[in-house]
Each structure stands twice: as structure tokens, then as C-alpha cells.
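Novice: Using the working numbering, you'd call the opening residue of the sequence shown number 99 and step up by one each time.
The beta-carbon is built from N, C-alpha and C at its ideal position, and this holds for glycine as well.
What you are looking at is a predicted structure, and each value in this text was computed from that prediction instead of being measured.
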Amino acid sequence: MNIAIVGVGLIGGSIAITLKEKKIAKKIIGVDKSEANIKKALQLGLIDEGMPLEDAVEACEVILLTVPVDAILNLLPGLLDRVTNQVVIDMGSTKERILQVIANHPNRGRVVAAHPMAGTEYSGPEAAVPNLFAGKVMVYVDAMNSDEDAFDIVDTIAEQLDMQTTFMSAHEHDVHTAYVSHISHITSFALALTVLEKEKAQGRIFELAGSGFESTVRLAKSSPDMWTPIFMQNRENVLEVLQEHINQLQHVHDVLRNEDYDAFYKLIKKSNKIRRILK
Numbered sequence: 099m100n101i102a103i104v105g106v107g108l109i110g111g112s113i114a115i116t117l118k119e120k121k122i123a124k125k126i127i128g129v130d131k132s133e134a135n136i137k138k139a140l141q142l143g144l145i146d147e148g149m150p151l152e153d154a155v156e157a158c159e160v161i162l163l164t165v166p167v168d169a170i171l172n173l174l175p176g177l178l179d180r181v182t183n184q185v186v187i188d189m190g191s192t193k194e195r196i197l198q199v200i201a202n203h204p205n206r207g208r209v210v211a212a213h214p215m216a217g218t219e220y221s222g223p224e225a226a227v228p229n230l231f232a233g234k235v236m237v238y239v240d241a242m243n244s245d246e247d248a249f250d251i252v253d254t255i256a257e258q259l260d261m262q263t264t265f266m267s268a269h270e271h272d273v274h275t276a277y278v279s280h281i282s283h284i285t286s287f288a289l290a291l292t293v294l295e296k297e298k299a300q301g302r303i304f305e306l307a308g309s310g311f312e313s314t315v316r317l318a319k320s321s322p323d324m325w326t327p328i329f330m331q332n333r334e335n336v337l338e339v340l341q342e343h344i345n346q347l348q349h350v351h352d353v354l355r356n357e358d359y360d361a362f363y364k365l366i367k368k369s370n371k372i373r374r375i376l377k
């Protein structure tokens with residue numbers, strides 16, 4: 099089958115690498131608003147051809163949407179107007195608003211909403227890497243609203259990517275990703291801003307920065323084009339988790355200010371329980 103990848107960056111490009119390795123696709127067509135991205139993806143061998151979305155829909159059986167979530171929100175209704183038996187895979191990092199927009203579309207069943215819980219802080223075709231998804235989780239969202247044959251095709255792709263799978267409602271997905279993904283990025287952005295604001299001798303920061311700082315702040319290198327729309331679409335959930343994070347920071351601040359080191363020890367000890375989840 100021919101597969102179109104709309105957005106040939108980190109996620110789309112990394113999927114393309116595996117599709118080619120496993121010989122799942124007869125042809126991989128790239129769609130991107132950036133001609134430079136299409137040219138680079140061709141040079142890297144991620145895609146076989148670049149073409150406009152309208153032509154790609156006619157030429158392909160599967161269309162993967164790996165563009166920012168605001169672009170998915172804008173593209174998906176019109177895209178569904180064009181499809182017949184094609185499968186459209188929404189791989190955005192938020193789901194509720196996107197799926198609400200197409201809830202009553204007659205071709206809603208041709209959409210499979212899936213979120214691969216994998217990525218790096220880099221973007222663009224050059225960021226694509228092999229085995230990005232191996233062992234990671236593919237979240238299927240509101241899968242009961244997808245046609246069975248459409249879901250089976252997407253599940254086969256996830257299997258070839260060596261991914262584990264789980265199922266959630268759109269609301270569940272957006273709440274949980276706010277806690278395990280979105281807040282991590284906000285924290286990293288804020289830490290980077292703190293360091294850049296207070297440490298004027300920027301060249302000396304990195305003389306002292308060890309792996310702890312680098313691992314905590316690395317997400318601050320993530321693309322604002324991708325993350326601003328995520329925060330917009332998942333605003334309420336992100337605000338909720340951000341407020342809880344602020345509360346925890348304030349608690350830590352107060353304990354340290356009061357020199358209550360026994361309480362500080364207990365807070366750190368309590369936080370160590372995360373080992374039960376992250377082994």
C-alpha cells in the first residue's frame with residue numbers, strides 16, 4: 099500500500115524509516131508545507147516522493163497526520179470530505195478538541211486517533227531516527243469510533259513499530275498527558291528561562307552543567323511551533339497540573355526557608371516512590 103506522511107519531521111520521519119525497513123509500504127509520499135523539509139526528506143531517503151495533500155489523498159491508502167495539533171485541527175475535517183476507503187491516522191498529542199470537530203462527520207470511522215508516546219527534543223527530518231518507537235506505548239483514543247478495518251491497519255503498523263498498546267477516552271488521554279508529558283515540557287521551559295535570566299555568564303553555565311541539569315532542561319530545546327498549540331488545546335488540564343506543581347514548589351520553598359531539613363528529607367523520600375512507576 100501507499101502511505102502518505104503529512105509532516106515529515108521527527109515522528110513522521112522516524113515512522114518512515116521503520117516502514118521502509120519492514121517493507122510495509124509500496125511507496126511513501128511526503129506532504130509538508132516546507133519545501134525544504136520535503137527536499138531534505140528525499141535526500142535522507144525517508145520518502146519516495148513529495149506531493150500536495152490533495153494528490154496524496156488520491157494516491158494513498160493510508161494518511162498519517164504527524165503535524166502540530168493546530169494543523170490537524172484545521173486539516174482533518176476537509177481531509178475527511180475527500181476520503182472514501184482511506185485510513186487517516188491522527189497522531190497528535192491532544193485529542194478532545196480534534197475529535198470533537200469530526201464527531202459527526204460521516205467519514206469519522208475512517209479516522210484512528212493514536213498517540214505514540216515517544217519523541218525527542220529535536221525537530222525536522224534530520225531528527226528522524228530508527229527504532230524511536232520500539233518498546234514505547236501507542237495510545238488508541240476512542241477506538242470504538244473507528245471502523246474495524248481502519249483500526250486493524252493502524253494496529254498492524256504499531257506492531258511493526260514494536261510498540262505496546264493501550265486504550266483511553268479522549269478526556270482520559272488529555273488529562274494523563276498533561277501530567278506525564280506536558281508539565282515536563284513546561285517545567286523544562288521555565289527552568290531554562292530561570293537559568294538564562296539569573297546566570298548572565300551564559301558561557302560558564304555549561305562548564306558546570308552536569309548530566310542532571312542537561313537531562314532536566316533538554317526539553318527546553320523543543321519546538322514552540324509544536325508545543326504552543328498543545329498548550330492551547332489542552333489548556334484546562336495543563337493549568338490544573340501546573341497549579342499543583344506550583345503548590346509543590348511553594349511547599350519545598352517554605353520548608354527550605356524555615357530550615358526544616360527533617361521535613362525536606364521526608365519530601366525527597368516521598369518523591370523517591372516514583373521508582374515504583376519509573377523503573
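If distances are taken between C-alpha atoms only, which option among 208, 226 and 232 comes closest to residue 241?
Specialist: The residue you call residue 241 lines up with position 143 of the sequence shown. When each option's Cα is compared against that of residue 241, the closest is 208.
Novice: If you reduce the DSSP assignment to three classes, tell me which class residue 163 lands in.
Specialist: As a first step, residue 163 must be located in the sequence shown, where it is residue number 65. In the structure shown, residue 163 sits in a strand (DSSP, three-state: E or B).
Novice: CB-CB under 7 Å to residue 218, same chain, minus the five flanking residues each way: which ones, in chain order?
Specialist: Position 120 of the sequence shown, counting from 1, holds the residue named residue 218. Hits under 7 Å: 108 and 225.
Novice: In angstroms with no decimal places, state the Cα-to-Cα distance between residue 349 and residue 369.
Specialist: Counting from one through the sequence shown, the residue named residue 349 turns up at place 251. Counting from one through the sequence shown, the residue named residue 369 turns up at place 271. The alpha-carbon atoms of residue 349 and residue 369 are separated by roughly 13 Å.
Novice: Just checking my contact of residue 233 with residue 260 at CB under 8 Å: how many whole Å lie between their CB atoms?
Specialist: By one-based count along the sequence shown, residue 233 stands at place 135. By one-based count along the sequence shown, residue 260 stands at place 162. The Cβ separation is near 7 Å, so the contact holds.
Novice: Give the straight-line distance between the Cα atoms of residue 127 and residue 116, rounded to the nearest whole angstrom.
Specialist: Position 29 of the sequence shown, counted from the first residue, corresponds to residue 127. Position 18 of the sequence shown, counted from the first residue, corresponds to residue 116. Their Cα atoms are separated by approximately 14 Å.
Novice: Quick check for students: name the residue ranges of the alpha helix (DSSP H) that lie wholly in the region 239–301, counting only runs of 4 or more.
Specialist: Taking only runs of at least 4 residues, the alpha helix (DSSP H) segments lying wholly in the region 239–301 are 246–258, 268–275 and 281–296.
Novice: Between the alpha carbons of residue 325 and residue 335, how many angstroms are there, rounded?
Specialist: Counted from its first residue, the sequence shown places residue 325 at position 227. Counted from its first residue, the sequence shown places residue 335 at position 237. Roughly 14 Å separates the two Cα atoms.
Novice: Can you tell me the Cα-Cα spacing of residue 347 and residue 250, whole angstroms?
Specialist: For this step, residue 347 is matched to residue 249 along the sequence shown. For this step, residue 250 is matched to residue 152 along the sequence shown. The alpha-carbon atoms of residue 347 and residue 250 are separated by roughly 45 Å.
Novice: Can you tell me the Cα-Cα spacing of residue 188 and residue 170, whole angstroms?
Specialist: Residue mapping note: residue 188 aligns to position 90 of the sequence shown, counting from 1. Residue mapping note: residue 170 aligns to position 72 of the sequence shown, counting from 1. When rounded, the distance between both Cα atoms is 7 Å.
Novice: Is the beta carbon of residue 104 less than 8 Å from the beta carbon of residue 162?
Specialist: To locate residue 104, count along the sequence shown from 1; it is residue 6. To locate residue 162, count along the sequence shown from 1; it is residue 64. Against a cut-off of 8 Å, the Cβ pair of residue 162 and residue 104 comes out as a contact.
Novice: At 4 residues or longer, what runs of the alpha helix (DSSP H) sit wholly inside the region 145–227?
Specialist: List check, alpha helix (DSSP H) in window: 151–157, 167–180 and 194–199.
Novice: Can you give the Cα-Cα distance for residue 274 and residue 210, rounded to whole angstroms?
Specialist: As a position in the sequence shown, residue 274 is number 176, starting the count at 1. As a position in the sequence shown, residue 210 is number 112, starting the count at 1. C-alpha separation (whole angstroms): 19 Å.
Novice: Answer yes if the region 178–186 comes into contact with the region 153–160, meaning at least three C-beta pairs across the two stretches below 8 Å, and no otherwise.
Specialist: The answer is yes - the region 178–186 touches the region 153–160, with three or more Cβ pairs under 8 Å.
Novice: By DSSP's criteria, residue 125 is part of a beta bridge. Which residues make up the other side?
Specialist: Here residue 125 is taken as the residue at index 27 of the sequence shown, counted from 1. DSSP, once it has assigned bridges, lists 100 as partnering residue 125.
Novice: How big is the Cα-Cα spacing for residue 283 and residue 124?
Specialist: Here residue 283 is taken as the residue at index 185 of the sequence shown, counted from 1. Here residue 124 is taken as the residue at index 26 of the sequence shown, counted from 1. Each residue's alpha carbon lies about 37 Å from the other.
Novice: On a CA-only basis, which of 176, 193 and 362 is nearest residue 203? Give me that one, please.
Specialist: Here the question's residue 203 lines up with position 105 in the sequence shown. Closest option to residue 203, Cα to Cα, is 176.
Novice: Could you give the C-beta distance for residue 279 and residue 314, rounded to a whole number, given that I count them as a contact under 8 Å?
Specialist: Translated into the one-based positions of the sequence shown, residue 279 becomes position 181. Translated into the one-based positions of the sequence shown, residue 314 becomes position 216. Actually they are not in contact, since the Cβ atoms of residue 279 and residue 314 sit about 15 Å apart, beyond 8 Å.
Novice: Mind checking whether residue 318 and residue 290 have CB atoms under 8 Å apart?
Specialist: Start at 1 with the first residue of the sequence shown, and residue 318 comes out as number 220. Start at 1 with the first residue of the sequence shown, and residue 290 comes out as number 192. In this structure, residue 290 lies closer than 8 Å to residue 318 by Cβ.
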